[in-house]
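Each residue of the sequence shown is one higher than the last, beginning at 41 in the working numbering. Cβ atoms here follow ideal geometry from the backbone N, Cα and C, with glycine treated the same way. Heads up, the thing below is written out as structure tokens.
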Amino acid sequence: VKLLQEIKTCRAPDVVVLSTIAERFHQNVEEFFPPQLMSVIRSFAEVRFCDPFIEAAVVGRVDDLMMSPSPWRVRTFLHCLAALRISSEAAWSPVLPHAREHATNVKRYIPTLLESLHDLGASDDELVAMLATQAHVYADDLGPVFVESAERLSRIGYRDDRVLQRVVKLGKHDSDLTVQQSIALLATLRRFDSSEADGCAAAIAKRVELATPAEACSALQALCRYSLREQTVVAAAAQAVEGGFQASDFVRKSGPTALLALASLGYAEVGKPLLEGMVQSREFVARRKELSAPGHLAVCEAAALAKLDWTMVSPSFELLGATFPQLSLDGRRRLKKVCAVFSSEAAKSPDLDDACKAMLQIWSPALPCLRAVDHDEVEEALGETLFVRGDQLTRVTSHHDVFVDGGVKPQSSLVDEAFKAVGMNVKVEPVI
Numbered sequence: 041v042k043l044l045q046e047i048k049t050c051r052a053p054d055v056v057v058l059s060t061i062a063e064r065f066h067q068n069v070e071e072f073f074p075p076q077l078m079s080v081i082r083s084f085a086e087v088r089f090c091d092p093f094i095e096a097a098v099v100g101r102v103d104d105l106m107m108s109p110s111p112w113r114v115r116t117f118l119h120c121l122a123a124l125r126i127s128s129e130a131a132w133s134p135v136l137p138h139a140r141e142h143a144t145n146v147k148r149y150i151p152t153l154l155e156s157l158h159d160l161g162a163s164d165d166e167l168v169a170m171l172a173t174q175a176h177v178y179a180d181d182l183g184p185v186f187v188e189s190a191e192r193l194s195r196i197g198y199r200d201d202r203v204l205q206r207v208v209k210l211g212k213h214d215s216d217l218t219v220q221q222s223i224a225l226l227a228t229l230r231r232f233d234s235s236e237a238d239g240c241a242a243a244i245a246k247r248v249e250l251a252t253p254a255e256a257c258s259a260l261q262a263l264c265r266y267s268l269r270e271q272t273v274v275a276a277a278a279q280a281v282e283g284g285f286q287a288s289d290f291v292r293k294s295g296p297t298a299l300l301a302l303a304s305l306g307y308a309e310v311g312k313p314l315l316e317g318m319v320q321s322r323e324f325v326a327r328r329k330e331l332s333a334p335g336h337l338a339v340c341e342a343a344a345l346a347k348l349d350w351t352m353v354s355p356s357f358e359l360l361g362a363t364f365p366q367l368s369l370d371g372r373r374r375l376k377k378v379c380a381v382f383s384s385e386a387a388k389s390p391d392l393d394d395a396c397k398a399m400l401q402i403w404s405p406a407l408p409c410l411r412a413v414d415h416d417e418v419e420e421a422l423g424e425t426l427f428v429r430g431d432q433l434t435r436v437t438s439h440h441d442v443f444v445d446g447g448v449k450p451q452s453s454l455v456d457e458a459f460k461a462v463g464m465n466v467k468v469e470p471v472i
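What follows is the structure in structure tokens.
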């Protein structure tokens, strides 16, 4: 336990050591007391590492962990299961009765619980209804937590008219809401097809037009976080962010984040020249070497998503070859996916081909799939979103991943049409 506590403080823990600890944990799991179990599980969740040994250990001791658990243990355990993608019903089903029991004691953590249920694909209408009631009853006391709770309810697809009425009221009359909170409300209204959504979107776009580049970047991050592809707001934010690329401080702190957010939100479909101009701006080129490894990764991801010419970001890609050890495990996984996208262009450049082949060898074990999606569930899955490029099966991320079963090849036209209809945030990531 002590060794794991020390390892998790590293930016990118050694995978071999983590694998060894996981195997030892499984072998000796019966010797751990519940508080020690929680400590180990939380540590693995923090570094985003999971393998069959961890999953087997968690499932084997879940009943012991759920013996008279506190509200903290219930919500923390569900959150860890979601972070580790241990979506086996054997792991989360024993927790739900205790979650219902403590539903009145977790008011400040309603969004966390709802998000965990959504991520795990856990179905419990009674628990969700109880949490929705708590959010409604204590809305005035919860403040921003109510906004987050409403958004999580919409993500699950649970409609509570009392909550929705309060959301509409907040959107119309509460001028103290931040842009991020307003975007959360807009996501809720869009998912429930509210007639108030268009007015809310117009008001947010007007606020973003007057925002500083840094504020506009925060708005873009909120759109990504809430899986909302609201093009009027995205366009307004893009115009505000463009000016930031003339300032060195913005380029260093927020430039890569802004590029990745715009690419993730599909802005390249209408504003690809603007994205190219940002990447090629004098200030960005001059400050490129000052970016961190995660910054270079964000730039390369943006180029892959927006289908920019890889030569525009080749300096960042080359720097990643030397700095990738600074990336977290999750960052290394993302880098491998970027390489998979760039490899389609590798025939045009031997240097790119060699770089992609080298980076694809980086050992970054994948997390388990949250859930498989068959052909009949494709349209439902598009809330998170699913996408197929040609005949190649791809994985798409909005708030969380949804996987298509490897034997299923949904029609691209069906997915394209449904995707455009839901208008959600999309990041195309080929399955490695």
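Quick check: what's the CA-CA separation for residue i versus residue j?
i	j	result
VAL273	ILE244	7 angstroms
SER79	VAL41	7 angstroms
THR49	ARG206	42 angstroms
GLN366	ASP54	12 angstroms
SER59	ASP91	8 angstroms
LEU250	VAL219	12 angstroms
LEU263	ALA227	8 angstroms
PHE186	ALA179	6 angstroms
ALA342	LEU305	10 angstroms
GLY295	ASN68	47 angstroms
VAL102	LEU118	11 angstroms
PHE65	VAL98	10 angstroms
LYS377	LEU331	20 angstroms
LEU167	ALA139	7 angstroms
ARG292	ALA333	12 angstroms
HIS158	ALA326	43 angstroms
LEU337	GLY283	22 angstroms
VAL208	LEU229	8 angstroms
ALA254	ALA278	11 angstroms
SER368	GLN271	31 angstroms
MET464	ARG148	Low confidence applies to MET464: its pLDDT is 33, below 50, so where it sits in the model is not reliable enough to give any reading.
GLY239	VAL248	14 angstroms
ALA395	CYS379	8 angstroms
GLY183	LEU77	34 angstroms
VAL442	ALA62	Confidence at VAL442 is low in this model, with a pLDDT of 34, below 50, so its placement is unreliable and no value can be given for it.
GLY335	PHE357	11 angstroms
Compute the distance between the beta-carbons of residue i and residue j, then report whether it is under 9 angstroms.
i	j	result
PHE364	GLU323	no
ASP204	SER235	In the sequence under discussion, the amino acid at residue 204 is Leu, which differs from the Asp named in the question. Cβ atoms of LEU204 and SER235: not closer than 9 angstroms.
GLY211	SER222	yes
ALA280	THR297	no
LEU359	LYS329	yes
PRO496	VAL146	Given that the chain is displayed from residue 41 to residue 472, the structure contains no residue 496 and the question cannot be resolved.
LYS246	ALA276	yes
SER189	ILE126	no
VAL57	ILE47	yes
TYR266	ALA224	yes
TRP132	LEU160	yes
Quick one: what does DSSP say residue i is sitting in, helix, strand or coil?
i	result
SER222	helix
THR152	helix
ARG88	coil
MET78	helix
GLN45	helix
CYS50	coil
GLN320	coil
ASP233	coil
HIS66	helix
ALA162	coil
GLU420	Caution is warranted here: a pLDDT of 45 is assigned to GLU420, below 50, making its placement in the model unreliable, and no coordinate value can be reported.
ARG206	helix
SER356	helix
ASP201	helix
THR216	With the sequence shown as reference, residue 216 is identified as Asp, and Thr is not the correct amino acid for it. If DSSP states are grouped into helix, strand and coil, ASP216 belongs with coil.
VAL99	helix
THR16	A question about residue 16 goes unanswered here, because the residues of the chain that appear run from 41 up to 472.
VAL442	Because VAL442 carries a pLDDT of 34, less than 50, the predicted location of this residue cannot be relied on, and the following value inherits that uncertainty. Correct three-state label for VAL442: strand.
Cβ-heavy atom distance between residue i and the ligand HEM below 8 angstroms?
i	result
THR116	For the structure depicted, the ligand HEM is absent and the ligand set is empty, with no information on it obtainable.
Taking the alpha helix (DSSP H) that residue i belongs to, which residues open and close that run?
i	result
ASP370	369-382
THR297	295-304
ASP238	237-249
PRO111	111-124
LYS347	Looking at the DSSP string, LYS347 is not in any alpha helix (DSSP H), and its letter there is neither H nor E.
GLN286	Element bounds for GLN286: n/a, residue is neither H nor E.
GLU270	Per DSSP, GLU270 belongs to no alpha helix (DSSP H) and is neither H nor E.
PHE72	Note, PHE72: premise wrong, no alpha helix (DSSP H); not H, not E.
ASP180	179-182
ALA143	Neither: ALA143 is in no alpha helix (DSSP H) and is coded neither H nor E.
LEU260	253-265
GLU129	129-132
Is any beta-carbon of chain C found at less than 9 angstroms from that of residue i?
i	result
SER235	The structure shown has no chain C; it contains just one protein chain.
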